[in-house]
Structure formats: structure tokens, C-alpha cells
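Going line by line, the protein sequences match chains A and B.
Taking the numbering used here, the leading residue of the first sequence gets 59, the next gets one more, and so forth.
Taking the numbering used here, the leading residue of the second sequence gets 4, the next gets one more, and so forth.
Cβ coordinates follow ideal geometry from the N, Cα and C atoms, glycine included.
Keep in mind that this is a model prediction, so the values were computed, not measured.
Okay, structure first, notes after.
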Amino acid sequence: DSGVTQTPKHLITATGQRVTLRCSPRSGDLSVYWYQQSLDQGLQFLIQYYNGEERAKGNILERFSAQQFPDLHSELNLSSLELGDSALYFCASTGQGNNEQFFGPGTRLTVL
Amino acid sequence: DQQVKQNSPSLSVQEGRISILNCDYTNSMFDYFLWYKKYPAEGPTFLISISSIKDKNEDGRFTVFLNKSAKHLSLHIVPSQPGDSAVYFCAAIPMKTSYDKVIFGPGTSLSVIP
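Here's what the structure looks like:
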């Protein structure tokens with residue numbers, strides 16, 4: 059158990075819909091990272107938050123947004139969903155030393 | 004354009020033998036490399052890393068070798084155990100950056116046969 063939790067585990071929705079994925083980092087970790095893993099591909103970095111503020115942006119679509127709340131949990135919002143958004147979405151957290159990332163179990167999103 | 008490649012999608016090895024997982028990269032700015040292991044229904048977990056100033060790093064049964072001139076690294080698992088069956092991701096980070104710039108390979112699925 060990495061200490062990072064993600065909900066829900068699975069999500070099935072239709073094209074055009076909007077969903078919210080939730081991540082709780084390890085206790086005390088200030089940084090949260092979101093990744094997307096599409097079929098047979100490596101994890102693609104989407105966005106990073108540090109202590110409530112956006113720190114870095116990767117290949118994140120404009121239809122996607124995220125935030126980190128005062129209690130340090132983070133949410134990834136995906137809107138106007140398309141079939142190609144079907145993927146595993148992972149979040150990870152790091153501590154202040156930034157030495158190692160700890161990943162959550164992921165949310166599997168299926169867009170029909 | 005994949006900057007980190009793992010050309011073997013899968014690998015089968017007999018228990019007790021050596022498993023060798025390979026990774027190639029194209030960006031010479033990468034200077035920190037990591038291997039992650041992922042079991043089904045779990046997130047990746049960090050396994051071992053190597054900085055570009057080294058050519059070998061060892062941790063128990065796991066050794067990572069880095070050949071900078073060939074832009075190639077490999078993970079050796081000796082001896083392989085059934086519990087090592089998982090997907091292994093190679094990842095690379097460019098110099099003077101951090102995890103927001105990490106590039107992952109597509110993964111190699113290792114099966115260790117008892």
C-alpha cells in the first residue's frame with residue numbers, strides 16, 4: 059500500500075459527459091501529479107500541484123482541469139469526454155525532498 | 004516520437020534464471036533513470052534508479068546497467084522469482100528537472116514461470 063488513494067477505481071461513462079477523479083496523497087506529501095496511461099503506452103504526465111498551486115503542466119488537454127484543495131487532496135476534472143479519453147489515470151505524490159514518487163492504484167475510465 | 008522505448012512488450016523467464024529487461028532512449032538530456040514495477044490493479048512502485056554519472060546500481064536481486072554512449076539501460080533480476088511477474092516501466096528525467104518532466108516507456112510484461 060503506497061498510502062496514495064484514488065477514487066473511484068472504475069468509471070464508465072458516455073461521450074460528451076464530465077467526470078471527476080479524486081486523489082488523496084500520502085500523509086504529509088505536498089505534491090500531487092496526475093498521469094494518463096492509454097493502452098500499450100507509458101504514463102503521460104498531465105499536471106502537478108504543490109501545496110494547492112499549479113506547479114507544472116504537461117500534455118493536458120484544455121477539456122481537462124485539476125485542482126488541489128487545502129487538505130491536499132486533488133481532483134482531476136475531465137469534460138466533453140471522447141472515446142480516446144478512455145485510459146488509466148494515476149496520481150502520485152512526493153514529499154518535500156521530492157526523492158521518490160508514490161503512485162495510487164489508478165482510476166480506469168471507459169468512455170462509451 | 005517515443006523518447007523512451009521498451010521494445011519487448013513481454014518476456015518469459017524460468018524461476019531462478021536471470022531476467023533482463025531492456026530500455027533505449029533517444030534524448031541525450033536525460034540524466035536520471037528509474038525502473039518501476041506494476042502489478043495488476045495497483046499503481047507503479049519505484050524499484051531502482053541510476054544517475055548518469057554511474058554505469059551500474061545494485062539493490063539486492065536487482066541491478067541496473069547504464070550505457071550512455073549507446074543510450075541504453077537494462078534491468079537484471081537474479082534470481083527471478085514468481086513474485087517478480089509484473090509490468091516493468093523504464094522512465095527517464097532530463098537534467099535539472101524533476102518528475103514533471105519524466106518520460107515513461109510503454110512497459111515490458113515479465114512472467115516468471117515456476
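DSSP lists D27/B as the bridge partner or partners of K8/B.
Secondary-structure assignment with DSSP links E111/A through a beta bridge to Y108/A. Contact residues of the region 90 to 101 of chain A toward chain B are Y91, Y93, Q95, D98, Q99, G100, L101 (C-beta to C-beta distance below 9 Å). Assignment of D103/B by DSSP, reduced to helix, strand and coil, places it in the helix class. Nearest in C-alpha terms to G86/A, of all of G164/A, L167/A, L170/A, F160/A, is F160/A. Two segments are said to touch when three or more pairs of C-beta atoms, one from each, lie closer than 8 Å; by this definition the region 77 to 91 of chain B touches the region 11 to 28 of chain B. Taking all protein chains in view, the Cβ of T29/B is surrounded by fewer than 16 other Cβ atoms within 10 Å, so the residue is classified as exposed.
For chain B, the residues of the region 103 to 119 of chain A that bring a beta carbon within less than 9 Å of one of its beta carbons are F103, I105, Q106, R113, A114, K115, G116, in chain order. Look at the region 121 to 150 of chain A and you find no whole run of alpha helix (DSSP H) that is 4 residues long or longer.
P97/B sits in a strand when the DSSP states are folded into three classes.
Taking each of T48/B, S11/B, S52/B, F68/B in turn and checking the Cα distance to P163/A, the smallest one comes out for T48/B.
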